[in-house]
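The working numbering puts the first residue of the sequence shown at 35, with every later residue one more than the last.
For each residue, glycine too, the CB sits at the ideal point set by N, CA and C.
If you're wondering where the values come from, they're calculated on a predicted model, not measured in any experiment.
I have placed the structure first, in the form of structure tokens, so that the comments after it can refer back to it.
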Amino acid sequence: MSEPVVVTDDGGVRIIRMNRPEKKNALTQPMYAAMTAALQEAGTNAALRCVVLAGAPGAFCAGSDIADFLKAAEGGLEPITIDFLYALARNQKPLVAAVGGLAVGIGTTMLLHCDHVVAATDAVFSTPFTRLGLIPEAASSLLAPMRMGHARAFAMLVMGRPLNAEEAKTAGIVNTVVDAAAVDDVALTAAREIAALPPGAVALGRQLLRGPVDAIVRQVDTEASHFKERLRSDEARAAFTAFLARKT
Ligand code: COA
35 MSEPVVVTDD GGVRIIRMNR PEKKNALTQP MYAAMTAALQ EAGTNAALRC
85 VVLAGAPGAF CAGSDIADFL KAAEGGLEPI TIDFLYALAR NQKPLVAAVG
135 GLAVGIGTTM LLHCDHVVAA TDAVFSTPFT RLGLIPEAAS SLLAPMRMGH
185 ARAFAMLVMG RPLNAEEAKT AGIVNTVVDA AAVDDVALTA AREIAALPPG
235 AVALGRQLLR GPVDAIVRQV DTEASHFKER LRSDEARAAF TAFLARKT
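See the structure below:
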């Protein structure tokens, strides 16, 4: 059986590929753990100069696995996802994303931690937190308004209105929109371009642009404490149960 997260190093570029296409790359706890480890290790490996987050054709990531949400709501699962959010916030290396198809929930909010995003023309960015009885996570409540202004952040994060690739580009989430077949190659070319630059200057420039990491981590923590409560709410449990039962 193939691994649900595949990590490949290609010269100075690490590619972290979500690989659970049969579930549209919904992220399970082991997938979060593998992605966390791959990001953290990239930070300490001087040979690696850039990291690419990639998915499957038509599905970058359908968000957290809702069955895991339900287990966490019932207290049967430790919410270890927070380690991934810390790894994103504290990540040392430039982060590029190759987004084809669906980018739901964390599939969109992780992009706010990326430095360069390539999207396919079929990409759809959506954060249906409210409909699931949840609230924005991954410091998106801080980063999205900074990126696109309050009005657009509210429409996306609270109203749950999706963005297509061109709208995401206008909102400042995406750099380039390309054909679906080219998305990985274009992202890899950008990653190699970054990897070829003087790494000390890249690291410092990136750090200055991102601002204080502590503020991002604080927002992750604040959101997480609310998120944990919301997971256990009647609204959220009903939404998870309805999703999981929708085909039966
Ligand atoms: N958690 C668990 N399973 C998920 C999932 C998720 N977040 N997203 C997709 N899947 C599963 C589906 O249940 C389905 O499983 P099955 O084949 O065993 O029934 C499989 O992945 C394929 O998804 P399907 O819904 O048939 O594909 P689609 O193209 O019609 O719709 C989505 C794709 C992503 C729009 C839809 O699956 C969806 O809304 N998923 C939930 C997204 C979400 O709310 N994520 C959390 C955000 S906080």
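Contact between the stretch 137-147 and the stretch 255-263 is defined here as three or more beta-carbon pairs at a separation below 8 Å; is this criterion met? The stretch 137-147 is not in contact with the stretch 255-263.
Say the cut is 7 Å; is the CB of Val138 nearer than that to a heavy atom of the ligand COA? Answer for Val138: yes, Cβ within range of the ligand COA.
Ends of the beta strand (DSSP E) at Thr210? Unbroken beta strand (DSSP E) run through Thr210: 210-212.
Buried or exposed, going by whether 16 or more other CB atoms sit within 10 Å of the CB of Leu238? The residue in question, Leu238, is exposed, as its Cβ has fewer than 16 Cβ neighbours within 10 Å.
Could you check where the beta strand (DSSP E) with Arg226 kicks off and where it finishes? In this chain, Arg226 is not harboured by any beta strand (DSSP E); it is covered by the alpha helix (DSSP H) spanning 217-229.
Closest by C-alpha distance to Arg54, when choosing among Gly77, Ala272, Leu136: With distances taken between Cα atoms, Arg54 lies closest to Leu136.
Determine the contact status of Ala214 and Thr155, defining contact as a CB-CB distance below 8 Å. The Cβ-Cβ distance between Ala214 and Thr155 falls below 8 Å.
So, do the stretch 157-165 and the stretch 221-228 have three or more beta carbon pairs nearer to each other than 8 Å? Contact between the stretch 157-165 and the stretch 221-228 is absent, because fewer than three Cβ pairs lie under 8 Å.
Work out the CA separation of Lys281 and Arg244 for me, nearest whole Å. For Arg244 and Lys281, the distance between alpha carbons rounds to 43 Å.
So, are the CB atoms of Ala60 and Asp117 less than 8 Å apart? Between Ala60 and Asp117, the C-beta spacing is not below 8 Å.
According to DSSP, what are the bridge partners of Val152? Answer is Ala132, Thr210.
Check whether Leu242 and Ala101 have beta carbons under 8 Å apart: Going by C-beta atoms, Leu242 is not nearer than 8 Å to Ala101.
Comparing the CB of Pro162 with every heavy atom of the ligand COA, is any distance shorter than 7 Å? Flag set: Cβ of Pro162 near the ligand COA.
Exposed or buried, which one is Ser174 when buried takes at least 16 other CB atoms within 10 Å? Looking at its Cβ environment, which holds 16 or more other Cβ atoms inside 10 Å, Ser174 is buried.
Check for me: the alpha helix (DSSP H) holding Ser174 runs from which residue to which? Annotation for Ser174: the continuous alpha helix (DSSP H) segment containing it runs 174-182.
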